[in-house]
Amino acid sequence: MGKDLQNYIQAVKAIFEARLKEEPAGLVGLLTEGSEDVRSLLRSACLIAFRHEIWSVLIHGRTFEIPLSSVDDDVTFDWTSEDQFDWMNRILIWLACILRLCYGTYQDDRSAPNGSTTFSSVSERWRILKRFLDRWDQKPPSCFEPLWYEERDVAKGRLFPRVYMATSCQVIALQNIELARITLAVYDPTRKRLGLDVAAREKETADLVRRSLWRICGLALSNPYQVSMVAASLGIVLCSDYIEGRREQAAIVDILVETERDHAWPTKWIAEQLWERWKLGDIGEDFSSLTRYLMSLEHEHGDIMRTPVGKVPWSIIYERRLVDGFFSVSEAEIRDALKLVLERFKLVIEPSAALPLAVALFNEDFCGMVEREAGEQGWDLGIVFRGGNVDTEKLAMLFDEQVAPNM
C-alpha cells in the first residue's frame with residue numbers, strides 16, 4: 394500500500410507540474426472559473442486530487458506534495474466575487490498554503506516556492522494567511538449566507554449548531570474554513586510556550602478547536618452530503634482529543650456511524666477506537682447499536698439503566714428527529730424518585746421507570762427549560778410508570794441495608 398501511495402503522489406505531482414507550466418496564474422487560474430478548460434476532465438481530476446492531498450496531509454501529518462507556484466502564495470483574492478464555486482476553490486488553495494507552512498513541502502523547505510524570499514519568516518507568513526481568515530470572519534461573501542442558522546444549545550439537547558446551506562460547495566467551503574482555523578490555531582508560531590498566561594492561552598485554543606469541530610459537524614448533519622459527512626469524520630479524527638463530555642462523545646460516535654451506514658464510507662474503525670479510548674462500554678456485535686446503547690447509559694456506574702433503546706423508540710428519537718434533547722440523572726436521584734413512588738403513590742415499579750420522574754424533579758437543565766418556556770405556571774407532565782421487571786431482592790438492595798429483604 395505504501396508503494397502504491399507513493400506512485401499515486403508522484404503521478405499527481407507530474408500532472409500538476411505539467412499543467413502549471415501552462416498556467417501563469419497558478420492553481421487559482423487552473424481551479425477557478427476563469428480557466429479556459431473550466432469544464433474539462435483534467436480540471437475535475439485536478440480538483441479531486443487536490444482535495445484528497447489536503448485530507449491526506451491532515452490525517453497523516455506529512456509534507457504537502459502537490460507543487461504550488463509563487464502566484465498561489467498570494468492569497469489576496471478578489472473579494473468582490475460572488476461565485477461560490479470560485480470561493481470554494483480559493484479556500485482550498487488557501488488551506489493548502491496553510492498546510493505547506495505547517496507541515497512543509499515536498500521540497501522540504503519553509504521558504505516561498507521556487508526559492509524566492511517573498512516572506513521574511515514563518516511568523517510573517519502565518520500572519521498573512523491568518524489575515525484572510527480575519528477578513529472572512531469580518532465579512533464573508535454574501536453568497537455564503539445560510540438559509541437557516543441556530544446556535545448550539547446544550548440545554549435543549551442541540552449539541553451542534555444547525556446551519557442549512559443551499560449547495561454542497563457552500564458546505565465544503567465553510568467546513569474547510571473551520572479546518573483551516575483549527576490548523577492556524579494549533580500551529581500558531583506566535584503563541585508563547587512558557588509564561589504566566591500559557592495555560593489560559595492553551596485553554597482558549599482548545600475551546601476554539603471544539604467550537605470549530607462543532608460547526609464542521611453541524612454543517613454535515615444539517616446538509617448530509619457524502620463529502621460533508623466525510624469532512625466531519627476527518628475533523629473528528631483530528632480533534633478527538635479535545636472532545637469532552639459523555640453526550641458530546643456519543644454524538645461524535647453517532648456521526649461516524651451515520652457516515653458508514655448512509656454513505657458507505659469506512660468510519661467504523663474510527664468509532665471503535667474512540668469507543669475504546671473513551672471507555673464508553675462494550676461494543677458488542679451489532680455496530681449500529683453503539684450510539685443507542687450510549688444514549689441509554691448516561692452515567693458511569695451501576696445497573697439501573699443498562700438496556701439499549703429499541704428499534705421503534707430509536708426511529709422516533711433519531712430517524713424521525715422527533716426528540717429535541719436528552720437529560721441525565723444520577724443513580725442516587727433515580728433511587729430518590731423510586732422511593733417517592735413507593736412511599737407516596739404506593740406503587741411497585743421497576744427502577745428504570747422512575748427515571749423520567751427523577752429528571753422532572755432533579756435535572757437542572759430540564760427544570761430551567763420548563764421555566765424559560767412555560768414561566769411560573771410550568772407544564773403539565775405525563776409520566777408512565779411500569780413494573781414488569783421488578784426483582785424484590787434487588788429492589789431492596791438499592792436502599793439502606795436496614796430495608797427488609799421481603800419488602
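Just so we're aligned, residue 394 is where the sequence shown starts under the working numbering, counting upward by one.
Backbone N, C-alpha and C define an ideal beta-carbon position, used for all residues, glycine too.
Values in this document were obtained by computation on a predicted structure and should not be read as measured data.
Give me the Cα-Cα distance between E597 and I742, rounded to the nearest whole angstrom. By 1-based counting over the sequence shown, the position of residue 597 is 204. By 1-based counting over the sequence shown, the position of residue 742 is 349. Note on geometry: alpha-carbon atoms of E597 and I742 lie some 47 Å from one another.
How many Å lie between T576 and C495 at the Cα? By one-based count along the sequence shown, residue 576 stands at place 183. By one-based count along the sequence shown, residue 495 stands at place 102. Going from the Cα of T576 to the Cα of C495 covers about 8 Å.
Check this for me: beta carbons of S615 and R524, under 7 Å apart or not? Sequence index remark: in the sequence shown, residue 615 carries index 222 (1-based). Sequence index remark: in the sequence shown, residue 524 carries index 131 (1-based). Not in contact: S615 and R524 (Cβ atoms no closer than 7 Å).
Would you be able to state if there are at least three C-beta pairs under 8 Å between the stretch 580-591 and the stretch 538-545? The stretch 538-545 makes no contact with the stretch 580-591; the number of CB pairs closer than 8 Å stays below 3.
Could you tell me which of S721, E766, K739, L731 sits nearest to E757, measuring between CA atoms? Within the sequence shown, residue 757 is the residue found at index 364, counting from 1. Comparing alpha-carbon positions, the option among S721, E766, K739, L731 lying closest to E757 turns out to be S721.
Within 7 Å, strictly: CB atoms of A573 and L485: As a first step, residue 573 must be located in the sequence shown, where it is residue number 180. As a first step, residue 485 must be located in the sequence shown, where it is residue number 92. No, the Cβ-Cβ distance between A573 and L485 is not below 7 Å.
Test item: CB-CB of G497 and T456 under 7 Å: Counting from 1 along the sequence shown, the entry for residue 497 is found at position 104. Counting from 1 along the sequence shown, the entry for residue 456 is found at position 63. Against a cut-off of 7 Å, the Cβ pair of T456 and G497 comes out as a contact.
Could you spell out the range, first to last residue, of the alpha helix (DSSP H) harbouring W541? On the sequence shown, position 148 is the one that residue 541 refers to. Element bounds for W541: not the alpha helix (DSSP H) but the beta strand (DSSP E), 541-543.
Shortest alpha-carbon distance to P460 belongs to which of W472, F443, E475, S474? By one-based count along the sequence shown, residue 460 stands at place 67. Residue F443 is the option with its Cα nearest to P460.
Just to confirm my understanding: we take R493, look at its own chain, exclude 5 residues before and 5 after, and list those with CB closer than 6 Å. What are they? Within the sequence shown, numbered from 1, the residue matching residue 493 stands at position 100. Excluding positions up to five away in sequence, the list reads F457.
Own chain partners of L627 with C-beta closer than 8 Å, once the 5 adjacent residues on each side are dropped: To locate residue 627, count along the sequence shown from 1; it is residue 234. Once the five neighbours on either side are set aside, the close Cβ partners of L627 are W448, L451, I452, L572.
L567, buried or exposed, once every other Cβ within 10 Å from all chains shown has been counted against 16: Position 174 of the sequence shown, counted from the first residue, corresponds to residue 567. L567 should be labelled buried.
Give the single residue among A404, A624, E595 whose Cα lies nearest to the Cα of C562. Taking the first residue of the sequence shown as position 1, residue 562 is located at position 169. When each option's Cα is compared against that of C562, the closest is A624.
Inter-residue Cα distance where the pair is W519 and I491: Here residue 519 refers to the residue found at position 126 of the sequence shown. Here residue 491 refers to the residue found at position 98 of the sequence shown. In a straight line, the C-alpha of W519 is about 8 Å away from that of I491.
What residues match up with D729 in a beta bridge as DSSP calls it? Taking the first residue of the sequence shown as 1, we reach residue 729 at position 336. Answer is none; D729 lacks a bridge partner.
Can you check whether the CB of F553 is closer than 7 Å to the CB of C632? What you label residue 632 is simply residue 239 of the sequence shown in a count that begins at 1. What you label residue 553 is simply residue 160 of the sequence shown in a count that begins at 1. The Cβ atoms of C632 and F553 do not sit closer than 7 Å to each other.
For D471 and P533, the rounded distance between their alpha carbons: As a first step, residue 533 is located in the sequence shown; it is residue number 140 there, counting from the start. As a first step, residue 471 is located in the sequence shown; it is residue number 78 there, counting from the start. For the pair P533 and D471, the Cα-to-Cα distance works out to about 12 Å.
Could you please give the first and the last residue of the uninterrupted beta strand (DSSP E) stretch that includes V716? Within the sequence shown, numbered from 1, the residue matching residue 716 stands at position 323. Going by DSSP, V716 is part of no beta strand (DSSP E) at all; its letter is neither H nor E.
For F470, does the three-state DSSP call read helix, strand or coil? One-based indexing of the sequence shown puts residue 470 at position 77. DSSP places F470 in the coil class of the three-state scheme, outside both helix and strand.
Chain-order list of residues whose beta-carbon lies under 6 Å from that of L601 (same chain, five-residue window excluded): Position 208 of the sequence shown, counted from the first residue, corresponds to residue 601. The answer, listed in chain order, is A578.
What are the start and end residues of the alpha helix (DSSP H) that includes R654? The residue labelled residue 654 in the question sits at position 261 within the sequence shown. Where R654 is concerned, the enclosing alpha helix (DSSP H) stretches over 639-656.
Proximity winner among A599, E475, K406, relative to H445 (alpha-carbon distances): Locating residue 445 in the sequence shown gives position 52, counting from the first residue. Checked all of A599, E475, K406; the closest Cα to H445 is K406.
Please confirm whether I776 and L750 have their CB atoms less than 7 Å apart. The residue labelled residue 776 in the question sits at position 383 within the sequence shown. The residue labelled residue 750 in the question sits at position 357 within the sequence shown. Yes, they are a contact pair.
Check whether the Cβ atoms of P617 and V515 sit closer than 7 Å, and answer yes or no. Against the sequence shown, residue 617 aligns to sequence position 224. Against the sequence shown, residue 515 aligns to sequence position 122. No, the pair does not count as a contact, with Cβ atoms beyond the cut-off.
Within the same chain, show all residues whose beta-carbon is closer than 6 Å to that of Y499, passing over the 5 residues directly before and after it, in chain order. Taking the first residue of the sequence shown as position 1, residue 499 is located at position 106. Because Y499 carries a pLDDT of 46, less than 50, the predicted location of this residue cannot be relied on, and the following value inherits that uncertainty. Taken in chain order, the residues that qualify are T456, E458.
So the alpha helix (DSSP H) R555 belongs to, where does it begin and stop? Looking up residue 555 in the sequence shown gives position 162. No alpha helix (DSSP H) contains R555, which is instead part of the beta strand (DSSP E) from 555-557.
Taking the alpha-carbon positions, what's the S621 to D634 distance? Here residue 621 is taken as the residue at index 228 of the sequence shown, counted from 1. Here residue 634 is taken as the residue at index 241 of the sequence shown, counted from 1. About 21 Å.
Close beta carbons around I870, own chain, < 6 Å, minus the five adjacent residues each side: Any question about residue 870 goes unanswered here, given that the chain covers just 394 to 800.
Considering only the alpha carbon of each residue, which of L522, K672, R737, A753 lies closest to I570? By one-based count along the sequence shown, residue 570 stands at place 177. Closest option to I570, Cα to Cα, is L522.
Please confirm whether K726 and F759 have their CB atoms less than 7 Å apart. Locating residue 726 in the sequence shown gives position 333, counting from the first residue. Locating residue 759 in the sequence shown gives position 366, counting from the first residue. Residue identity differs from the one stated: residue 726 is Glu in this sequence, not Lys. Result no, Cβ atoms of E726 and F759 do not sit closer than 7 Å.
What are the start and end residues of the alpha helix (DSSP H) that includes D634? In the sequence shown, the residue the question calls residue 634 occupies position 241. D634 -> no alpha helix (DSSP H), and no H or E assigned at all.
In the structure shown, what three-state DSSP assignment does D546 receive? In the sequence shown, counting from the first residue as 1, residue 546 sits at position 153. Residue state, collapsed to three classes: strand.
Please check the pair H537 and Q619, which I expect to be a contact at CB under 8 Å, by giving their CB distance rounded to whole angstroms. Counted from its first residue, the sequence shown places residue 537 at position 144. Counted from its first residue, the sequence shown places residue 619 at position 226. Here the sequence assigns Phe to residue 537, which means His is not the residue at that position. Contact doesn't hold; Cβ gap of about 21 Å is too wide.
How big is the Cα-Cα spacing for D679 and A789? For the purposes of this step, residue 679 is taken as the residue at position 286 of the sequence shown. For the purposes of this step, residue 789 is taken as the residue at position 396 of the sequence shown. No answer about D679 holds up, because its pLDDT of 39 lies below 50 and its placement is not dependable.
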